[in-house]
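All the letters of the sequence shown, read from the start, carry residue numbers 29 to 285 under this note's numbering. Quick reminder that beta carbons are idealized off the backbone N, C-alpha and C, glycines included. Computed from a predicted model, the values in this text were never measured in an experiment. Have a look at the structure below, then the notes.
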Amino acid sequence: VVLAAGCMATPVLLQHSGNLANRSGEVGRNLQFHPGVAVAGVFPELVNPQFGATQGYQSVAFLEEGFKLETLWAPAPVLAVRTPGSGRELQDRFAEMSRLAVWDAIITADQSVGTVKARPRSMDPDLRWNLHPDDVETMTRALWILAEIFFAAGAEKIMTGVRGIAEEMFSLEDAEPLRTEKFSPNAMAIGGNHVFCTTRMHGDPARGVVDELGRCHDLDNLYIADTGIFPQCTSVNPMFTGMALAHRQAAHLLDRL
């Protein structure tokens, strides 16, 4: 049996199935993902961000500091969640959309962990996640770098989505709090991507749910094939790693037939 319901649903299925494959107590624990923060900037010239690849450019220059930068675009309802103001104020900001550019910073966040638990009589997961103060500092550092980039590129103003500081910044001097101040986790406007580790792989059955082939330690004929088996958070998008693990599992299962 191959269980590939995804990092959120697989633990819930196991928990609702008599707490299956959970002798280690690790099912649903160690939840990690890549949180992201973003800067939106308004430029004097047309940008037309709705055209072209939504994530066509990236920078890994700061990967050793724990984050990477990339272009971003999204439909207006998604942008509205992270854009300050409502009503007429929000309409006025959307009128600037043709001159808007957005870059985000995706954080490794390997110190921030959480849990996935089953709810009674429901398949919807109960998610809990704690953002570590060190990861907040990394986010703040990334926002400062983006502020530098935007103003160097000629932005008229930027918006960072950070509570407690100016909603709109018109110079790098306005953005100085990003370089000098510390912020609490709930000050950040965060999006989450790339979820991992809720049925993690470990050679010791007491510390993991599956072995290096994705086979459950407790059940010889149950395999898990999703990003929940990652042993820890990766530094970048896990797509190729997930595909490689699935390919490896498929080859192993073929040998068992």
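8 angstroms Cβ shell around valine 75 - same chain, five flanking residues per side excluded | Ser126, Arg127, Leu128, Ala129
Alpha carbon to alpha carbon, how far is threonine 111 from glycine 94? Give it in angstroms, no decimals.
-> 25 angstroms
Please go through the same chain and pick out, in chain order, the residues whose beta-carbon is closer than 6 angstroms to the beta-carbon of alanine 32, but skip the five residues on each side of it.
-> Ala253, Asp254
Excluding five sequence neighbours on each side, which residues of the same chain lie with their C-beta closer than 8 angstroms to the C-beta of threonine 38?
-> Leu31, Ala32, Thr226, Thr227, Ile252, Asp254, Gly256
As assigned by DSSP and simplified to three states, the class of proline 72 = coil
Note down, in chain order, each residue of its chain lying with its Cβ closer than 8 angstroms to the Cβ of valine 29, except the 5 sequence neighbours on either side.
-> Asn249, Leu250, Tyr251
Minimum length 3: unbroken beta strand (DSSP E) runs contained in the region 98–164 | 128–135, 141–146, 153–158
Proximity below 7 angstroms, CB of leucine 59 to CB of threonine 136 = no
Compute the distance between the beta-carbons of proline 63 and isoleucine 218, then report whether it is under 7 angstroms.
-> yes
Using the beta-carbon count (16 or more within 10 Å), is phenylalanine 268 buried or exposed?
-> exposed
Who are the near neighbours of cysteine 35 in its chain, counting only those whose CB is closer than 7 angstroms to its CB and skipping five residues on each side?
-> Val223, Phe224, Thr226, Asp254, Thr255, Gly256
In three-state terms, what does DSSP make of arginine 243?
-> strand
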